[in-house]
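Note sheet for the following structure.
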C-alpha cells in the first residue's frame, strides 16, 4: 500500500516500540501493521489517492475523530464482524497512546466502540449486571470447592468463559485452540480461524492471564490421558476434546447459578462486551 512517508514512519515507530521491544511475535507485528496501513489508506481522500504527486496529511490533533469515523465506517458501511472492529479498536487505542508518549498528542481521550447496526439488534446480549453475576457464580464455586479435581474443572471453565466474553472468540475457534497457541511471555493467544487464517489476541486482563497460566502450566497435565489430545487446550475430565454441546452445558450451569432466567447461549456472552462497556460508561457518567 502506497502511504506517505510520515504515515509509514509513525507505523514503524509504533511497531518497534509496542511489538518488537515488548517481544511480541511476528504475527502480531503483521496484524498491527496491516490495521494501521488500512487506516491511513482510508484517511487519504480519493482525489489524493488518484494523484500520487500530492499528499494530504491528517494533523495529529484531528486523528482521534478520524479514527472514530473510520471505526463507524467499518461496522456500518463495510459490514465487518463486530469482533474484528473490536480488535482494531484496541489496536488504534494503543496507537494513540503511543503518539502521546512520543509527544505528538498532548492528551488522548478513549475511543468509543461503535454500536452494531440495527439489523444485528436481534442478537441477544447479557447486561452488565448479568455478566457480573455470571462470573461471580464461577468464582464463588471455585472458592467453595473442596475437591482439587473439581477446582481444576472450574478453572478450565473460567478460562473458556473469559475468552468468550473478553475476546469474542467463536466457540469453534475456542475448541480448536492448542496449548502451543498461547505465548506465556507475551500473553498473546493465536486464534486459528477458517481457511487457515490466524489472528493474534493479547490477553489484556491480568486475572485471565493468571488463570490461563495456572490452567496450562499447572493443571492441564492432570487431564492428558491420551497422547493424541495432549496439546488440545481444553479437555474434558476424561482427557478428550470438548464439544460445542459441552461448552453450552457449562454456560447453562453458571447461567442458572447466577439466576439468569432468560434464554441465552455462550454466543450471547461472546457478543456482550460492547454492551457491557456502554453500560459501564453510563454508570461512571452518572
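Residue numbers (this note's numbering): 16 to 301. For glycine and all other residues, C-beta sits at the position ideal for the given N, C-alpha and C.
Proximity below 8 Å, CB of residue i to CB of residue j
| i | j | result |
| --- | --- | --- |
| residue 110 | residue 29 | yes |
| residue 78 | residue 104 | no |
| residue 149 | residue 270 | yes |
| residue 42 | residue 213 | yes |
| residue 179 | residue 285 | yes |
| residue 181 | residue 170 | no |
| residue 249 | residue 175 | yes |
| residue 101 | residue 236 | no |
N- and C-terminal bounds of the alpha helix (DSSP H) containing residue i
| i | result |
| --- | --- |
| residue 278 | Where residue 278 is concerned, there is no enclosing alpha helix (DSSP H), given that its DSSP letter is neither H nor E. |
| residue 259 | 259–272 |
| residue 143 | 143–159 |
| residue 21 | 20–30 |
Closest Cα partner of residue i within the set the options
| i | options | result |
| --- | --- | --- |
| residue 40 | 215, 258, 242 and 182 | 215 |
| residue 199 | 83, 188 and 223 | 223 |
| residue 49 | 84, 87, 106 and 81 | 106 |
Same chain, Cβ closer than 7 Å to residue i, neighbours up to 5 away in sequence not counted
| i | result |
| --- | --- |
| residue 247 | 193 and 256 |
| residue 172 | 153 and 265 |
| residue 72 | With a pLDDT of 46 at residue 72, under the threshold of 50, the modelled position of this residue cannot be trusted; read the value that follows with caution. Counting only Cβ-Cβ distances below 7 Å, and skipping sequence neighbours, we find 19 and 21. |
| residue 304 | Limits of the chain in this structure are 16 at one end and 301 at the other, which puts residue 304 out of reach. |
| residue 113 | 29, 32 and 33 |
| residue 134 | Only weak support exists for where residue 134 lies, its pLDDT of 49 falling under 50; the value from the coordinates is given anyway. Closer than 7 Å at the Cβ level, and outside the excluded window around residue 134, lies no residue. |
Residue i CB to nearest heavy atom of the ligand ADP below 7 Å
| i | result |
| --- | --- |
| residue 261 | What this structure holds is no ligand at all, so the ligand ADP is not there to describe. |
Residue range of the unbroken beta strand (DSSP E) whose run includes residue i
| i | result |
| --- | --- |
| residue 179 | Segment 163–182 is the alpha helix (DSSP H) holding residue 179; no beta strand (DSSP E) there. |
| residue 95 | It is not in any beta strand (DSSP E) - residue 95 carries neither H nor E in the DSSP assignment. |
| residue 205 | 203–207 |
| residue 214 | 213–217 |
Own chain residues within Cβ distance below 8 Å of residue i, not counting five before or after
| i | result |
| --- | --- |
| residue 190 | 249, 256, 257, 258, 259 and 262 |
Contacts around residue i, its chain only, beta-carbon distance under 6 Å, and the 5 residues preceding and following it disregarded
| i | result |
| --- | --- |
| residue 108 | 126 |
| residue 289 | 128 |
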